[in-house]
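Enquirer: The structure is given below, and queries will be raised subsequently.
Spelled out as structure tokens, the structure:
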């Protein structure tokens, strides 16, 4: 059984600490997944900038799919809470998952080709979100009856806003990371190494502890150490004198991505989960032993793990692009 996250202590914790360093259960801090992800990114970089960009774009598309799935699972919620949160604007409708995945992947792949093209595709994807939600329609769970006292958000704006939230963060992170790799493999290596060190330091340090800034600070220190080590050996295009600039960029931007990603991986109203489907218990002991493993595997696949693989790059990858532009100038 996964240990419960430690409860917050509101009178003593700043709102910024709750936003940047929420409770983390030890089961959520997976070093193995982080190591595998970093190894996969390094292998993709070795294969070339295009392979790296396509890899992160594929993960971005999967992350957008998972984020849309999280926000579409709102059946059984009260209409008032669902409409106030905006989390149920998909109305339990899973038709938004495919458009979210396609738009995130398109933005990421555009970053593989050209940075200006990525900007154009990003604007087109926002416009396409409005077209998609207007075409699909809906906006209220089946069987839900609107009450006169409800404050129902504008249907198109609410659904389009939710759709944009599901794909934009992961899509932009993938596009910017791909653009960095296209400019310099060494710069992309430093970027993903710093993000991996931040994730390891932040989540492991904060696991099973009260929410606070301990995790983000530890992660930022680990990221700065990674930047210092890689720029110190002059990984091109960096020189030892760049360690301060890029170390500060990493320390300031890496904690922001995971904090923002929680808005797309958790329904805003903390809607209750849909009732689990009862599975008949087989008389075969071997079958009974397999069911928990299969259920855990399915739960892990349904969780927004792909978003967590890219969330730390959300602000840092654009900042890296800006810093690389200063090097060129």
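Residue numbers (our numbering): 4 to 332.
By construction, the Cβ of each residue, glycine as well, lies at the ideal position given by its N, Cα and C atoms.
Here the structure is a predicted model, which means the values were calculated and not measured.
Whole angstroms are fine: how far does the CA of residue 129 sit from the CA of residue 63?
Expert: Cα to Cα, residue 63 sits roughly 16 angstroms from residue 129.
Enquirer: Put residue 210 into one of helix, strand or coil per three-state DSSP.
Expert: Strand.
Enquirer: Between the alpha carbons of residue 52 and residue 140, how many angstroms are there, rounded?
Expert: Rounded to the nearest angstrom, the two C-alpha atoms are 39 angstroms apart.
Enquirer: Are three or more beta carbon pairs between the region 158-172 and the region 213-220 nearer than 8 angstroms?
Expert: Contact fails: fewer than three Cβ-Cβ distances are below 8 angstroms.
Enquirer: In or out: residue 319 buried (at least 16 other Cβ within 10 Å) or exposed?
Expert: It is buried - the Cβ of residue 319 has at least 16 other Cβ atoms within 10 Å.
Enquirer: Grouping DSSP H, G and I as helix and E and B as strand, with all else coil, what is residue 242?
Expert: Residue 242 falls in the coil class under three-state DSSP.
Enquirer: Rounding to the nearest angstrom, what Cα-Cα distance links residue 46 and residue 158 in this structure?
Expert: Going by the C-alpha atoms only, they are around 44 angstroms apart.
Enquirer: I'd like to know whether the C-beta atoms of residue 111 and residue 225 end up nearer to each other than 9 angstroms.
Expert: In this structure, residue 225 does not lie closer than 9 angstroms to residue 111 by Cβ.
Enquirer: Assuming contact is defined by CB atoms lying nearer than 9 angstroms, are residue 261 and residue 315 in contact in what I supplied?
Expert: In contact: residue 261 and residue 315 (Cβ atoms closer than 9 angstroms).
Enquirer: When you compare each of 327, 322 and 264 to residue 71 by their alpha carbons, which one comes out closest?
Expert: Minimum Cα distance to residue 71 is reached at 264.
Enquirer: Put residue 236 into one of helix, strand or coil per three-state DSSP.
Expert: Residue 236: coil per DSSP, three-state reduction.
Enquirer: How should residue 3 be labelled, buried or exposed, when 16 other C-beta atoms within 10 angstroms of its C-beta is the threshold for buried?
Expert: Since the first residue shown for the chain is 4 and the last is 332, residue 3 is missing from the structure and cannot be characterised.
Enquirer: CA-CA distance, residue 105 and residue 124?
Expert: The alpha-carbon atoms of residue 105 and residue 124 are separated by roughly 12 angstroms.
Enquirer: Report the three-state DSSP secondary structure of residue 139 (helix, strand or coil).
Expert: The answer is helix: DSSP assigns residue 139 an H, G or I state.
Enquirer: Please work out which residues of its chain come closer than 8 angstroms, Cβ to Cβ, to residue 43, disregarding the five sequence neighbours upstream and downstream, and give them in chain order.
Expert: The answer, listed in chain order, is 58.
Enquirer: Closest to residue 310 by C-alpha separation, out of 199, 69 and 131, would be which residue?
Expert: For the residues 199, 69 and 131, the minimum Cα distance to residue 310 belongs to 69.
Enquirer: In the structure shown, what three-state DSSP assignment does residue 24 receive?
Expert: DSSP places residue 24 in coil when its eight states are reduced to three.
Enquirer: State yes or no: is the C-beta of residue 198 within less than 9 angstroms of the C-beta of residue 257?
Expert: A contact, by the Cβ cut-off of 9 angstroms.
Enquirer: Quick check on the DSSP output: the alpha helix (DSSP H) that includes residue 186 runs from which residue to which?
Expert: Here the alpha helix (DSSP H) through residue 186 covers 158-186.
Enquirer: Only counting the same chain, and skipping five residues up and downstream in sequence, which positions put a Cβ closer than 8 angstroms to that of residue 217?
Expert: Cβ within range, chain order: 24, 208 and 209.
Enquirer: Would you mind stating whether residue 205 and residue 228 have Cβ atoms separated by less than 9 angstroms?
Expert: In this structure, residue 228 does not lie closer than 9 angstroms to residue 205 by Cβ.
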